[in-house]
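Down below is the structure, laid out as structure tokens.
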Amino acid sequence: MAHYQRMGSVPPKRHTQHRRPAGRGKVGALYHEELMGEEGFSSDSSLLYHRSIPSSLLDVREWTLPDQTMTPNHPLVPRHLKLHDLFDAAAVRTADAVTGRRLVLGNGDVRISYAVSARPSPWYRNGIGDEIVYVERGKGRLETVFGALEVGEGDLVVVPRATTHRWLPKRSREPFRTYVIEATGHIAPPKRYLSRYGQLLENSPYCERDLRLPQGPLLAEDIGADADEETEVLVKHRGRGGAVVGSAHVLPFHPLDVVGWDGCLYPYVLNVSDFEPITGRVHQPPPVHQVFEGWNFVVCAFVPRKVDYHPLAIPVPYYHSNVDSDEIMFYVDGDYEARKGSGIGKGSVSVHPGGFPHGPQPGAVEGALGVEAFDELAIMVDTFKPLELGEGGRAVDDGVYAWSWTGGRRG
8 MAHYQRMGSV PPKRHTQHRR PAGRGKVGAL YHEELMGEEG FSSDSSLLYH
58 RSIPSSLLDV REWTLPDQTM TPNHPLVPRH LKLHDLFDAA AVRTADAVTG
108 RRLVLGNGDV RISYAVSARP SPWYRNGIGD EIVYVERGKG RLETVFGALE
158 VGEGDLVVVP RATTHRWLPK RSREPFRTYV IEATGHIAPP KRYLSRYGQL
208 LENSPYCERD LRLPQGPLLA EDIGADADEE TEVLVKHRGR GGAVVGSAHV
258 LPFHPLDVVG WDGCLYPYVL NVSDFEPITG RVHQPPPVHQ VFEGWNFVVC
308 AFVPRKVDYH PLAIPVPYYH SNVDSDEIMF YVDGDYEARK GSGIGKGSVS
358 VHPGGFPHGP QPGAVEGALG VEAFDELAIM VDTFKPLELG EGGRAVDDGV
408 YAWSWTGGRR G
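Read in order, the letters of the sequence shown correspond to residues 8 to 418 in the numbering used here.
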């Protein structure tokens, strides 16, 4: 996100001495400068100034990740996954938003997980790619080396690759429900929304004013911790043959040791209520709903909006075959017109695989005629390689959605 920010204490010129305050006539110790940058040294980056040497390690061990196995969607079939059935009350009490994630769908480019949690997560770093964490329900606090972000319902939280952070759910009427989109690489606004220098353009459905940035720097003593306490950080990374594996690093200091940073790479938040929908006289194609893009996938938001106003308009989508894409829709709120009668509701995920022609349920087209607005909220991921079912997806497949257009399977 090429939007320069400067927070805390940084020297006037990069790569020059930056020292701790000291008494009169004394020279303070140097802070340790870290460049956190993408694509080698040729893309967005930030400079962070640490009290401790960021490479310091006391110990390392294996971290056994939650089940990462995936099963091909074969024979090819559309599916309805009921995510709210993944966690019962007992599981929520002991789960956190990192180790409690259950893999729903994935391929070599993107993985989609779901978690419902009540406990603080461990310190965590995704060494494979950026993450978007969509807060479906509840409230929490994200603490990172860049600072803290207060998060809540409807927030799309973008966490850059290799950012050390943790999630702290807050007590609220709703449990802390998070829908996690993990990239293999980076996530950014669509290129068509950006100027050649990275500013969000006038045709973009959101702008820099809509983004919430970290409140920082956040130091260990600010949260009542000891700056020198040993801390374990869980790291997700690539192993043999590209497999997703985990390691645990024990640091000789608390991760919140950054006194200042500046640059164009940092976590940020966009709430879906700040996404301004693009509408027209006739039905608009899904790309108008796009919010972010990653390598071989896009993320869209379908938000409450006025709909097509041609006198003969059909407001619901036409039938379409995503010959190059799998379409994954997470239904968050509202009454989704095109899916009426299918069993899909809040907390559902529909899987419409590439090569399968899909569209409104029987009767939905006629029922939508004359409707002027849709009160619906959904997050969509379209991929350009087939997705496989993770353990979580397999566990909550309703097994009947594929026949919702015909009323039941033959025999």
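Virtual Cβ for every residue (Gly too), placed ideally from N, Cα, C.
Helix, strand or coil for residue i, going by three-state DSSP, please let me know.
i: arginine 132; result: strand
i: arginine 21; result: coil
i: threonine 101; result: helix
i: arginine 346; result: helix
i: alanine 371; result: helix
i: lysine 198; result: helix
i: histidine 317; result: coil
i: histidine 296; result: helix
i: serine 53; result: strand
i: aspartate 404; result: strand
i: valine 323; result: coil
i: valine 330; result: coil
i: isoleucine 335; result: strand
i: aspartate 340; result: strand
i: aspartate 92; result: helix
i: tryptophan 70; result: strand
i: alanine 227; result: helix
i: glutamate 215; result: helix
When burial is assigned at 16 or more other CB atoms within 10 Å of the CB, is residue i buried or exposed?
i: glutamate 46; result: exposed
i: glycine 420; result: Nothing about residue 420 can be read from this structure; the chain reaches only from 8 to 418.
i: serine 211; result: buried
i: phenylalanine 48; result: exposed
i: glycine 364; result: The amino acid occupying residue 364 in the given sequence is proline; glycine does not appear at that position. Proline 364 comes out exposed.
i: histidine 317; result: exposed
i: glycine 113; result: buried
i: serine 50; result: exposed
i: serine 120; result: buried
i: proline 82; result: exposed
i: threonine 76; result: exposed
i: valine 330; result: exposed
i: isoleucine 230; result: exposed
i: alanine 122; result: buried
i: arginine 245; result: exposed
i: valine 165; result: buried
Near residue i, which residues of its chain fall below 6 Å by C-beta distance, leaving aside the five closest residues on each side in sequence?
i: arginine 27; result: Gly35 and Ala36
i: glutamate 334; result: His359 and Asp389
i: arginine 219; result: Val276
i: proline 284; result: Val310 and Arg312
i: aspartate 103; result: Ser124, Arg126 and Ser128
i: histidine 290; result: Asp315
So, residue i versus residue j, is the Cβ gap smaller than 7 Å?
i: tryptophan 268; j: leucine 42; result: no
i: aspartate 116; j: threonine 191; result: yes
i: tyrosine 213; j: phenylalanine 282; result: yes
i: glutamine 222; j: glycine 136; result: no
i: aspartate 264; j: arginine 132; result: no
i: tryptophan 70; j: glycine 287; result: no
i: glutamate 236; j: valine 257; result: no
i: serine 128; j: valine 105; result: yes
i: arginine 308; j: isoleucine 386; result: Sequence inspection shows alanine at residue 308; the arginine mentioned does not correspond to that position. Yes; because the gap between Cβ atoms is below 7 Å, this pair is in contact.
i: arginine 306; j: tryptophan 130; result: Sequence inspection shows valine at residue 306; the arginine mentioned does not correspond to that position. No, these two residues do not count as a Cβ contact at 7 Å.
i: leucine 110; j: valine 403; result: no
i: methionine 14; j: proline 224; result: yes
i: serine 63; j: valine 266; result: no
i: asparagine 303; j: aspartate 162; result: no
i: threonine 171; j: proline 274; result: no
i: aspartate 74; j: glutamate 398; result: yes
i: valine 339; j: leucine 88; result: no
Provide the residue(s) that pair with residue i in DSSP beta bridges, ordered along the chain.
i: tryptophan 174; result: Leu149
i: histidine 87; result: Ser357
i: asparagine 80; result: For asparagine 80, which the question treats as bridged, DSSP gives no partner whatsoever.
i: arginine 312; result: Phe381
i: asparagine 303; result: Answer by DSSP bridge pairing: none, since asparagine 303 is not bridged.
i: proline 364; result: Ser328
i: valine 140; result: Val164 and Val187
i: histidine 244; result: Val252
i: glutamine 75; result: None, per the DSSP bridge assignment.
i: asparagine 278; result: Asp162
i: leucine 156; result: Leu149
i: histidine 39; result: His57
Less than 7 Å between C-beta atoms, sequence neighbours within five positions excluded: which residues of the same chain meet that for residue i?
i: glycine 147; result: Val158, Trp174, Leu175, Pro176, Lys177 and Phe183
i: isoleucine 60; result: His39
i: proline 79; result: Glu395
i: valine 314; result: Thr286, Pro322, Val378, Glu379, Ala380 and Phe381
i: arginine 21; result: Leu54
Suppose the cutoff is 8 Å on Cβ atoms and the five residues either side in sequence are ignored; what does the same chain contact list for residue i look like?
i: glutamate 160; result: Val142, Glu143, Arg144, Gly145, Lys146 and Glu181
i: leucine 207; result: Pro196, Tyr200, Leu201, Tyr213, Cys214 and Glu215
i: glutamate 228; result: Ala234
i: leucine 65; result: Glu237, Val257, Leu258 and Pro259
i: serine 280; result: Gly161 and Val310
At a threshold of 6 Å, does residue i count as lining the ligand PLP (C-beta to nearest heavy atom)?
i: histidine 261; result: Looking for the ligand PLP in the displayed structure turns up nothing, as the structure carries no ligands at all.
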